[in-house]
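The block underneath contains the structure these notes are about, expressed in structure tokens.
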């Protein structure tokens, strides 16, 4: 997502990330077109008359063994994006609680020799991803609030989420405009970001994660209106994304010095009241809104191909991700998880499987 992008510019420099963003924008759009053509090649779906999910394509074009492997990769790719959004949303919510209620609490898991669980509270917004620092938490108040607000939305039909997504986009554009002003007010120091460095190990993983939308293309095609141009929508979206990622990522990187970690939400929250408010709005408008969408898409893929029943699919799509995030609520381990899941699962599902299907 956008959150680790400034740190990518800070560590890898300007040129390599920009080139990587452009490459994956073009590549992901081409892969999306492969998927769309594969959907049209299914008998009776030339004009998208039927409902064809990504897993349907895997089932149609792959053999039995490869079909099972493809389904596993698809599930892990979609849920890795979902899990990262849940974590960042919960962390931002904890900062929100600290800001307005002076502290946030949670249940901590202690070292051996002490009581296994204890109440643990913090009253400062840390520069780390979570205000709880590296303290291992079973659950935090921010996590609970995020769950209460977001979990029920996952049971709304995907097409009923469209208006919410449009509102989310408009709010995001306003937030980005405010952020750019805040970056300028805080000061822009180009020396924070060199042109080129040798620390490019994480660039591909972070950038690739930002363009991991190919697996959601069939779900979008299934509910889009007939008059909507597929080609125009795809290219406009990816070009706009590249421009925004580069502008926001680079501006944040030259505005805030990297002091071991560069979490844009934490930096803006500690800047001033406007920064705090906009980070909370961003968390709600982008991160939280994306969570139920991914959950719905995962469930639809599981149910349509009869991989499991509705109730079992609901557990794997809506409940299991909230369990999986527990070890990653604090510290910076989530950054490593994003890099590895991007390279292993997201890359395969979004960029390799579409090519195999098309060929």
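In the working numbering, the protein residues as written are 49 to 407.
Beta carbons: idealized from backbone N, C-alpha and C, even for Gly.
message = Am I right that residue 365 and residue 350 are in contact with their C-beta atoms under 8 angstroms? What's the rounded C-beta distance?
response = By 1-based counting over the chain shown, the position of residue 365 is 317. By 1-based counting over the chain shown, the position of residue 350 is 302. About 7 angstroms; that satisfies the 8 angstroms criterion.
request  = List the DSSP bridge partners of residue 169.
outcome  = One-based indexing of the chain shown puts residue 169 at position 121. 153, per the DSSP bridge assignment.
task = Tell me where the beta strand (DSSP E) around residue 408 begins and ends.
result = Lying outside 49 to 407, the shown extent of the chain, residue 408 is not represented and no answer is given.
query = Given that a residue counts as buried once 16 or more other Cβ atoms are within 10 Å of its Cβ, and exposed if not, what is residue 167?
reply = Along the chain shown, one-based indexing puts residue 167 at 119. Exposed is the call here.
task = Keeping to the same chain, check which residues put their C-beta closer than 7 angstroms to that of residue 323; ignore five residues upstream and five downstream.
result = Position 275 of the chain shown, counted from the start, is the residue given in the question as residue 323. In chain order, 230, 316 and 317 place their CB closer than 7 angstroms to the CB of residue 323, counting only its own chain and leaving out the 5 sequence neighbours on each side.
ask   = Expressed to the nearest angstrom, what Euclidean distance is found between the alpha-carbon atoms of residue 155 and residue 165?
value = As a working mapping, residue 155 is identified with position 107 in the chain shown. As a working mapping, residue 165 is identified with position 117 in the chain shown. Roughly 6 angstroms separates the two Cα atoms.
inquiry  = Counting C-beta neighbours from all protein chains within 10 Å, is the total for residue 69 16 or more, i.e. buried, or is it exposed?
reply    = Counted from its first residue, the chain shown places residue 69 at position 21. Per the 10 Å Cβ criterion, buried.
query = Taking one C-beta from the segment 282-293 and one from the segment 56-76 each time, how about it: are there three or more such pairs within less than 8 angstroms?
reply = Yes: at least three Cβ pairs fall under 8 angstroms.
message = Along the chain, where does the alpha helix (DSSP H) containing residue 406 start, and where does it finish?
response = On the chain shown, residue 406 is found 358 positions in, with the first residue counted as 1. Residues 401-406.
ask   = What is the rounded straight-line gap between the Cα of residue 135 and the Cα of residue 381?
value = Your numbering for residue 135 matches position 87 in the chain shown. Your numbering for residue 381 matches position 333 in the chain shown. Residue 135 and residue 381 have their C-alpha atoms roughly 11 angstroms apart.
ask   = Would you report the Cα separation of residue 260 and residue 148, rounded to the nearest angstrom?
value = Walking along the chain shown from the start, residue 260 turns up at place 212. Walking along the chain shown from the start, residue 148 turns up at place 100. If you take the alpha carbons of residue 260 and residue 148, they lie about 35 angstroms apart.
ask   = Can you tell me the Cα-Cα spacing of residue 263 and residue 304, whole angstroms?
value = Here residue 263 refers to the residue found at position 215 when the chain shown is read from its first residue. Here residue 304 refers to the residue found at position 256 when the chain shown is read from its first residue. Their Cα atoms are separated by approximately 34 angstroms.
query = Do you know offhand how far residue 188's Cα is from residue 374's?
reply = In the chain shown, counting from the first residue as 1, residue 188 sits at position 140. In the chain shown, counting from the first residue as 1, residue 374 sits at position 326. Rounded to the nearest whole angstrom, the C-alpha separation of residue 188 and residue 374 is 9 angstroms.
inquiry  = Suppose you measure from the CA of residue 217 to the CA of residue 407; what does that come to, to the nearest Å?
reply    = Position 169 of the chain shown, counted from the first residue, corresponds to residue 217. Position 359 of the chain shown, counted from the first residue, corresponds to residue 407. Between residue 217 and residue 407, the C-alpha separation is close to 35 angstroms.
key: Contact set for residue 338: own chain, Cβ-Cβ below 6 angstroms, skip 5 residues either direction   = The sequence position of residue 338 within the chain shown is 290, counting from 1. Answer for residue 338: 133, listed in chain order.
inquiry  = Nearest by alpha-carbon distance to residue 210: which of 271, 74, 199 and 58 is it?
reply    = As a working note, residue 210 is residue 162 in the chain shown. Nearest C-alpha to residue 210: 271.
Simplified DSSP assignment, three categories, for residue 375 = Within the chain shown, residue 375 is the residue found at index 327, counting from 1. Helix.
request  = Would you check if the distance between the CB atom of residue 79 and the CB atom of residue 369 is smaller than 7 angstroms?
outcome  = Working through the chain shown from its first residue, we reach residue 79 at position 31. Working through the chain shown from its first residue, we reach residue 369 at position 321. Taking 7 angstroms as the Cβ cut-off, residue 79 and residue 369 do not qualify as a contacting pair.
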